[in-house]
Amino acid sequence: MRQANEAIRRVRHPIPTVNDVSFALNGTQYFTKFDLSQAYHQLVLDQESRFIATFSTHVGLYRYKRLNYGTNASAETFQHVLQTKLQGLNGVKNIADDIIVFGKTRAEHDQNLDKCLARLSNSGLKLNRGKCTFLKDKLEFFGQIFSREGTRPDPKRVNDLLNAPQPSSVSEVRSLLGMANYSSKYIRDFATLTAPLRELTKKNARFTWLPKHQACFDKLKATLASAPCMSYFAKDKETLVIVDASPVGISAILSQQEPGTNDPKIVAYASRSLTDTETRYSQTEKEALAIVWSVEHFHLFLYGSQFTLVTDHKPLEVIYGSRKAKASARIERWILRLQPYSFKTVYQSDANNPADYLSRHPINPNSRKQEKMTEEYINFIVLNAVPRAMTLDEIIKATVR
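Once you know that position 133 of the sequence shown is 771 in the numbering used here, the rest is easy, because the numbers rise by one and skip nothing.
Okay, structure coming up:
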């Protein structure tokens, strides 16, 4: 399919992320998970498309009649078709061939389950019975555990890391970091924590396992073993975005206040380092950058709702809170970018600002981006690692030689 993939004009359909799914799970008490049997092969190709999937073997030509795994557009096509078939169902979400059904009560769950099964039956889709789980109070889904309390990393993945031996080569360090990175959202300041290990993976770096690397390795295991449970986001709760900026980075914590209490629940946290240009901004501009980056980073949770921005930089309370305030042209542009959002800005001293530590120990966006690109590239190879079929001319020429 290599040459065919080069010619196929792909129609892009967004594939949901785990965050998209978890956004709908607040208050869920019961879960069910389905796995479609031979997912792609359940979609029949049009007669006009089948010639593209023709391939040559030593016993003749064959062609796929169903969507195959070697086609570059298979993933988004399958997601779009399945999402369309499930459209309009309450308490039902899917990523690829994994479907979860959920409900806040047993009756709601069962009603959602009946409607989902009926829709799948009417669509002619078959399930893999051995991989289906019904009526659970917690559920493993894409490497995370969803429960009534919130989300946490899958214990199986955690145990794999806890039982991992000391790396003895650069490739083993990269493998270790890749395995740990899958659960990095539960590890505060993951990039800073793993910085000593990343030094070993740099170009032309000599592999020498030192005590600092062992200490980092042990701390990574201990931190992951005690990873906290992250709360679900709830639209009806008071939302706070606590931001901060330091000379090296910016950070944000998304939290929600429990009604009638002073007990905030952490939904997510994030940080990134400043670029060389950004490090030369004034402190006010750095703090303003922290605001616009944080709000856009948490767009999924904040857009369309009222929230409170908490900053430890007093001038921003005036700049973002008054139409008469004058700011630099750069900050004015950031203010324009935030116009679609509805929020109020309040001041809180840095002594009481939990985002202060994260901003001074930021996650390097370049390393995180590189890890994501590497993972996507590996997935691409796995999905498309199909031997190129030989043409008839190539067979004739090889036979003559």
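From the three backbone atoms N, C-alpha and C, an ideal C-beta is built for every residue, glycine too.
Does DSSP classify residue i as helix, strand or coil?
i, result
"residue 828", "helix"
"residue 639", "coil"
"residue 875", "coil"
"residue 1009", "Reliability fails at residue 1009, whose pLDDT of 48 lies under 50, so the model's placement of it is uncertain and the value that follows must be treated cautiously. DSSP places residue 1009 in helix when its eight states are reduced to three."
"residue 671", "strand"
"residue 783", "strand"
"residue 899", "coil"
"residue 864", "coil"
"residue 816", "helix"
"residue 980", "strand"
"residue 725", "coil"
"residue 918", "helix"
"residue 791", "strand"
"residue 659", "helix"
"residue 971", "helix"
"residue 944", "strand"
"residue 649", "coil"
"residue 852", "helix"
"residue 894", "strand"
"residue 693", "strand"
"residue 1031", "helix"
"residue 882", "strand"
"residue 913", "coil"
"residue 821", "coil"
"residue 711", "coil"
"residue 926", "helix"
"residue 836", "helix"
"residue 938", "helix"
"residue 688", "helix"
"residue 889", "strand"
"residue 720", "helix"
"residue 702", "coil"
"residue 870", "coil"
So is residue i buried or exposed if we call it buried at 16+ other beta carbons inside 10 Å?
i, result
"residue 819", "buried"
"residue 816", "exposed"
"residue 918", "exposed"
"residue 796", "buried"
"residue 983", "buried"
"residue 732", "buried"
"residue 747", "buried"
"residue 704", "exposed"
"residue 832", "buried"
"residue 913", "exposed"
"residue 910", "buried"
"residue 875", "buried"
"residue 676", "exposed"
"residue 856", "exposed"
"residue 804", "exposed"
"residue 782", "buried"
"residue 695", "exposed"
"residue 942", "exposed"
Whole angstroms are fine: how far does the CA of residue j sit from the CA of residue i?
i, j, result
"residue 672", "residue 658", "18 Å"
"residue 648", "residue 662", "29 Å"
"residue 845", "residue 639", "40 Å"
"residue 1034", "residue 693", "16 Å"
"residue 850", "residue 834", "7 Å"
"residue 742", "residue 936", "25 Å"
"residue 894", "residue 700", "57 Å"
"residue 770", "residue 929", "43 Å"
"residue 897", "residue 668", "24 Å"
"residue 839", "residue 888", "25 Å"
"residue 646", "residue 656", "28 Å"
"residue 1037", "residue 1031", "10 Å"
"residue 775", "residue 790", "14 Å"
"residue 972", "residue 957", "11 Å"
"residue 764", "residue 772", "16 Å"
"residue 877", "residue 689", "54 Å"
"residue 853", "residue 977", "46 Å"
"residue 730", "residue 723", "11 Å"
"residue 702", "residue 726", "32 Å"
"residue 920", "residue 665", "43 Å"
"residue 837", "residue 810", "13 Å"
"residue 822", "residue 931", "20 Å"
Nearer than 7 Å: is that true of the beta carbon of residue i relative to any heavy atom of the ligand GDP?
i, result
"residue 968", "In the structure shown, the ligand GDP is absent, as is every other ligand, since no ligand is present at all."
Inset, instruction - Assess, as a yes-or-no matter, whether the stretch 922-939 is touched by the stretch 948-958 under the definition of 3 or more beta carbon pairs within less than 8 Å. - result: By the C-beta criterion, the stretch 948-958 is judged to be in contact with the stretch 922-939, since at least 3 inter-stretch pairs fall below 8 Å.
Legend entry - Given 8 Å, three or more beta-carbon pairs between the stretch 681-695 and the stretch 744-753: Contact between the stretch 681-695 and the stretch 744-753 is not established, with fewer than three Cβ pairs separated by less than 8 Å.
Inset, instruction - Evaluate the contact criterion for the stretch 902-915 versus the stretch 868-879: three or more CB pairs, one atom per stretch, below 8 Å. - result: Of all C-beta pairs linking the stretch 902-915 to the stretch 868-879, three or more are shorter than 8 Å, placing the two stretches in contact.
Legend entry - Length at least 4, wholly inside the stretch 722-781: the alpha helix (DSSP H) runs in chain order: 744-760, all fully within the stretch 722-781.
Legend entry - Three CB pairs or more closer than 8 Å across the stretch 856-865 and the stretch 794-808: These segments touch.
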